[in-house]
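Q: For the record, the sequence lines run as chains A and B. Here the first sequence is numbered in our numbering, starting from 95 and rising by one per residue. Here the second sequence is numbered in our numbering, starting from 95 and rising by one per residue. There's a structure below that I have some questions on.
Protein chains: 2
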Amino acid sequence: MEHSVKVLLYEDNRDLREGIAYLLQATPGLQMAGAFPHVNNLKSELHAYMPDVVLLDINMPGMSGLEALPIIKSLYPKTQVIMQTVFDDDERIFQAIRSGASGYLLKNTPPAEIVQAVFDVHRGGSPMTTSVARKVLQYFQHPPKTHPADHLLSTREQDILKGLMKGYSYKLIADELHISIDTVRTHIRHVYDKLQVNSKTEAILKAMKEGWV
Amino acid sequence: MEHSVKVLLYEDNRDLREGIAYLLQATPGLQMAGAFPHVNNLKSELHAYMPDVVLLDINMPGMSGLEALPIIKSLYPKTQVIMQTVFDDDERIFQAIRSGASGYLLKNTPPAEIVQAVFDVHRGGSPMTTSVARKVLQYFQHPPKTHPADHLLSTREQDILKGLMKGYSYKLIADELHISIDTVRTHIRHVYDKLQVNSKTEAILKAMKEGWV
DNA sequence: GCCACAATCACATAAAGGTGTGAAGGGTGC
DNA sequence: GCACCCTTCACACCTTTATGTGATTGTGGC
């Protein structure tokens, strides 16, 4: 094989940091470039060590791993980053993914798997704790819907809005719902008032942006 | 713990099927309900065994695993399905995910990990081969864009369409692009012709559906 | 040079959409 | 009962869009 994989580790817990560092350093094919308790000197450390893989704890004093991640990916896009955290809440996970994380491990991951994960990301895989993977899949199946419309718009108003979002004209909507076109106008007026828009296009765009596709 | 996890296995390769079946059957906490080389009797087998987890090969003679998956999920939504395949092409992966697969393992997965995967899905996780996970993450970061518009619509026509998609009126678009409103009309006419629509709304919806958001 | 096409503009007409105003019946809640 | 909202409808007036027809200029290919 070519050169060994250079790893940089950020982890504020000293025992954990030294433990992982020792393990990585002792693994053939891996090269432990450095291990730090915070990311305050991130840029200079990245420049100095040019790591292939960064193991990044999310919760650290000072700048968090989530803030550090986009910096790493913007400066060195090819660097693979594995996030580590005790929390598996959706928000952090998706923020990390959007920022370009290549792996996401919970802190209960056994050390041997961490080592495996480093190799995995370097080979182009994305090691993930299975519970994290599940959340990612669920996001696919049910893109998050913020439903303020449910109580903001009445059921009839939602019917009309759905009609608009299908590209229907007032007349078509009226026919489909078996009401007069003037009634459709009235409902649309109310929808516009509530969504604070004043054209069909704006209403549709807003409805889509808010997620109720 | 409560009752053991009931597993149903579909795999056309006899050696593989019997090997995995033996392993599952020999694992404490797992109950091997049945192992079949095809899904032609899927419904009756599901009804007979009521499995917690289904291990489903994609490439089988007759009905494929991808076709069987939606049937399983529609009949027994709570049943967890792990897909197994030798191919990791994007199309199959995303079709499986959309159909509700909870796990996705490549065929080179060691048997011990298959067993682990069964427990994982039953616990609510989503075991995935890391290369599959990578594709899923990439899909997140760069939602696929089909850009037929690039050559279908001229640059100016795309400018106008973008204006529409921002909710602008003809007049606003004209001002922004420093052209007359009649020119905007002309371009929009051409856009409608090319997209085969006949209203602003339809054009916007089509543009969004095609991905050029 | 000719052709196709992109980009610009103009004038005109009909259809669709947006807004003001008003009103009647049904339902919920206090 | 009364206030408030939802749903339904009507008429009027104006703006925005959609479409028909036609024209000029410039660019790139053959």
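Cβ coordinates follow ideal geometry from the N, Cα and C atoms, glycine included.
(1) By DSSP, does B/Q174 sit in helix, in strand, or in coil?
(2) Measuring only the C-alpha atoms, how far is A/M95 from A/K201?
(3) Measuring only the C-alpha atoms, how far is B/Y143 from B/R108?
(4) Are there 16 or more other CB atoms within 10 angstroms of the CB of A/P204, so buried, or fewer, so exposed?
(5) Could you list the residues in the stretch 107-124 of chain B with a C-beta less than 7 angstroms from some C-beta on chain A, going in chain order?
(6) Mind pulling the chain B residues with CB within less than 7 angstroms of A/V230?
(7) Keeping to the same chain, check which residues put their C-beta closer than 6 angstroms to that of B/E105; ignore five residues upstream and five downstream.
(8) Find the residues of chain A that neighbour B/P221, judging by a C-beta separation of less than 8 angstroms, and give them in chain order.
(9) Would you say A/T295 reaches chain B, if we count a Cβ-Cβ gap shorter than 8 angstroms as a contact?
(10) Using 8 angstroms as the threshold, is the C-beta distance between A/I298 and A/M259 below it?
(11) Since A/R192 meets chain B, which of its residues come closer than 9 angstroms, beta carbon to beta carbon?
(12) Along the stretch 250-264 of chain A, what residues have a CB closer than 9 angstroms to any CB found in chain B?
(13) Does the beta carbon of B/D183 come closer than 8 angstroms to any beta carbon on chain A?
(14) Is DSSP giving B/M126 helix, strand or coil here?
(15) Can you name the residues of chain B whose CB is closer than 8 angstroms to the CB of A/I298?
(16) Between B/M177 and B/I187, what straight-line distance do the alpha-carbon atoms span, to the nearest angstrom?
(17) Quick one: Cα of B/T223 to Cα of B/G113, how far?
(18) For B/M95, name the three-state secondary structure that DSSP assigns.
(19) Run through chain B and tell me which residues come within less than 8 angstroms of A/G159, C-beta to C-beta.
(20) B/M302 versus chain A: which residues are under 8 angstroms apart at the beta carbon?
(21) Considering Cα atoms alone, identify which of A/Q174, A/L231, A/K100 is closest to A/P122.
(22) Taking only the alpha-carbon atoms, compute the straight-line gap between A/P164 and B/T173 and give it to the nearest angstrom.
(23) Less than 8 angstroms between CB atoms is the rule here; does B/L136 satisfy it with respect to chain A?
(24) Measuring CB to CB, does A/M157 end up less than 8 angstroms from A/N134?
(25) For B/E270, name the three-state secondary structure that DSSP assigns.
(26) Check for me: the beta strand (DSSP E) holding A/Q151 runs from which residue to which?
(27) Is any beta-carbon of chain B found at less than 8 angstroms from that of A/G128?
(28) Pick helix, strand or coil for B/G197, following the three-state DSSP scheme.
(29) Give the straight-line distance between the Cα atoms of A/F234 and B/R228, rounded to the nearest whole angstrom.
(30) By the criterion of Cβ-Cβ separation under 7 angstroms, what are the contact partners of A/G156 in chain B?
A: A quick look at the data gives this:
(1) strand
(2) Because the pLDDT at A/M95 is just 49, under 50, the model does not fix this residue reliably, and the value given afterwards should be weighed accordingly. About 30 angstroms.
(3) 21 angstroms
(4) exposed
(5) The stretch 107-124 of chain B vs chain A, Cβ under 7 angstroms: nothing.
(6) V230
(7) Scanning its chain for C-beta atoms nearer than 6 angstroms, with the 5 sequence neighbours on each side dropped, one finds around B/E105 the residues R111, D151, in chain order.
(8) T224, A227
(9) yes
(10) Closer than 8 angstroms, so yes.
(11) F234, Q235
(12) L258, M259, K260, G261, Y262, S263
(13) no
(14) Correct three-state label for B/M126: strand.
(15) T295, I298, L299
(16) Cα-Cα distance, rounded: 9 angstroms.
(17) 20 angstroms
(18) Its pLDDT being 49, under 50, B/M95 is placed unreliably in this model, and the coordinates cannot settle the point.
(19) Correct list: empty, because the minimum Cβ distance to chain B is about 17 angstroms.
(20) M302
(21) A/K100
(22) One C-alpha to the other measures close to 38 angstroms.
(23) no
(24) yes
(25) Under the three-state reduction of DSSP output, B/E270 falls in the helix class.
(26) Before going on, a small fix: residue 151 of chain A reads as Asp here, not Gln. From DSSP, the beta strand (DSSP E) with A/D151 extends over 147-151.
(27) no
(28) strand
(29) Between the alpha carbons of A/F234 and B/R228 lies a gap of roughly 14 angstroms.
(30) Per Cβ cutoff of 7 angstroms: no residues; A/G156 is ~27 angstroms from chain B at best.
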